[in-house]
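Below: one structure, written as structure tokens.
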């Protein structure tokens, strides 16, 4: 009898099945998922000093209603629904209700906000959420970090140029729709010398100059007296709307003129609206802003 091991297909089948189960578990990442007695995925939202549990789809309604104007096209609202669902899934369904995660408002808070328009607006938002029920974005089998922001300066930002970590699905793309759709894309804010010294911790007078820019015109580095800041650092210290800004000195004051609103990484909400107005579907919008992704249905 030969010493060579005989082929045993049943063992191969068991190994294959085990690998398949592991892949599905990894893709859906159920390690921290909480389900209620009706099998609904629950989101843990940290609000002030309390934590509340909300069914996922109900949570997405509250996020979309808070993060995107209800007046936007249905396809843009659908794209936002998928992006928001993906974002919370990537955080293992544990978030807060601020802009550091996603803004969320309860049903009563939305009624207070929308007032007489509540029924009309919430019906439209629920339609967008229901049309994309359970859908998330994945890249090579993993749920992505679906970042989004309000308005670009005509281009989105590659992840490594703002957050330092390079993600292949978060690379810069042209987004000229923003400049056409958002009439408030350019804004100005004035700081006195005293304001800037307080915010940047300097004494006496301050001199600010832009040192370098990225190809998309966003500020890469800026010098304030002897201190060098990145565009992101200065934006955050001064609470500027974006990292694409001009600086003009007038007497004892500095005027900062910004183009766009937000960090610029991922999906532009006004860009999504512009694409929707041109007839693009929500799937096309998502695949444009998040390169190489697929839409995966969790349930």
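Numbering (the numbering used here), first residue to last: 87 to 385. Don't be surprised by glycine CBs; every beta carbon is placed ideally from N, CA and C. Bear in mind that the values here come from a model prediction, so they are computed numbers and not experimental data.
Distance between beta carbons of residue j and residue i, contact taken as under 8 Å
i: residue 346; j: residue 271; result: 6 Å
i: residue 166; j: residue 181; result: 16 Å between Cβ atoms; not a contact.
i: residue 171; j: residue 206; result: Contact doesn't hold; Cβ gap of about 23 Å is too wide.
i: residue 337; j: residue 255; result: So it is not a contact: roughly 46 Å between Cβ atoms.
Bridge-paired residues (DSSP) for residue i
i: residue 382; result: 222
i: residue 55; result: In this structure the chain extends from 87 to 385, so residue 55 is not present and cannot be described.
i: residue 315; result: 308
i: residue 332; result: 343
i: residue 137; result: 132
i: residue 194; result: None, per the DSSP bridge assignment.
i: residue 182; result: 132
i: residue 351; result: 243
i: residue 228; result: 225
i: residue 237; result: 347
i: residue 249; result: None; residue 249 has no bridge partner.
i: residue 277; result: 340
i: residue 167; result: Bridge partners of residue 167: none, in fact.
i: residue 189; result: BP columns for residue 189 are empty, so no partner.
i: residue 260; result: 241
i: residue 272; result: 345
i: residue 294; result: 310
Straight-line Cα distance separating residue j from residue i
i: residue 208; j: residue 249; result: 34 Å
i: residue 341; j: residue 281; result: 12 Å
i: residue 301; j: residue 137; result: 43 Å
i: residue 305; j: residue 356; result: 21 Å
i: residue 348; j: residue 237; result: 7 Å
i: residue 297; j: residue 381; result: 41 Å
i: residue 335; j: residue 176; result: 43 Å
i: residue 118; j: residue 276; result: The predicted model places residue 118 with a pLDDT of 45, which falls under 50 and marks its position as unreliable, so this point remains unresolved.
i: residue 286; j: residue 214; result: 43 Å
i: residue 323; j: residue 134; result: 24 Å
i: residue 326; j: residue 370; result: 31 Å
i: residue 315; j: residue 308; result: 5 Å
i: residue 124; j: residue 317; result: In this prediction, residue 124 has a pLDDT of 47, which is less than 50 and means its spatial position is unreliable; what the coordinates show is noted afterwards. One C-alpha to the other measures close to 48 Å.
i: residue 203; j: residue 253; result: 40 Å
i: residue 320; j: residue 294; result: 11 Å
i: residue 284; j: residue 333; result: 18 Å
i: residue 239; j: residue 263; result: 10 Å
i: residue 292; j: residue 310; result: 7 Å
i: residue 383; j: residue 126; result: 14 Å
i: residue 199; j: residue 154; result: 13 Å
i: residue 62; j: residue 279; result: Coverage of the chain is limited to positions 87 through 385, which leaves residue 62 absent and any answer about it impossible.
i: residue 289; j: residue 331; result: 24 Å
i: residue 173; j: residue 339; result: 40 Å
i: residue 201; j: residue 265; result: 30 Å
i: residue 247; j: residue 361; result: 25 Å
i: residue 141; j: residue 299; result: 44 Å
i: residue 188; j: residue 251; result: 21 Å
i: residue 186; j: residue 359; result: 23 Å
i: residue 303; j: residue 219; result: 38 Å
i: residue 235; j: residue 269; result: 16 Å
Beta-carbon proximity of residue i to residue j, cut-off 8 Å
i: residue 351; j: residue 233; result: yes
i: residue 184; j: residue 148; result: no
i: residue 273; j: residue 344; result: yes
i: residue 128; j: residue 143; result: no
i: residue 156; j: residue 212; result: no
i: residue 376; j: residue 146; result: no
i: residue 353; j: residue 217; result: no
i: residue 363; j: residue 159; result: yes
i: residue 161; j: residue 366; result: yes
i: residue 152; j: residue 190; result: yes
i: residue 34; j: residue 164; result: Past the edges of the chain, shown from 87 to 385, lies residue 34, and the structure says nothing about it.
Near the ligand MN: residue i beta-carbon under 7 Å from a heavy atom
i: residue 164; result: In the structure on display, the ligand MN does not appear, and there are no ligands present to speak of.
Exercise for the section: Report yes or no: do the region 212-229 and the region 237-251 share at least 3 C-beta pairs separated by less than 8 Å? Expected result: no
Practice task
For the region 251-269 and the region 186-203, state whether three or more C-beta atom pairs, one from each stretch, are separated by less than 8 Å.
Solution key: no
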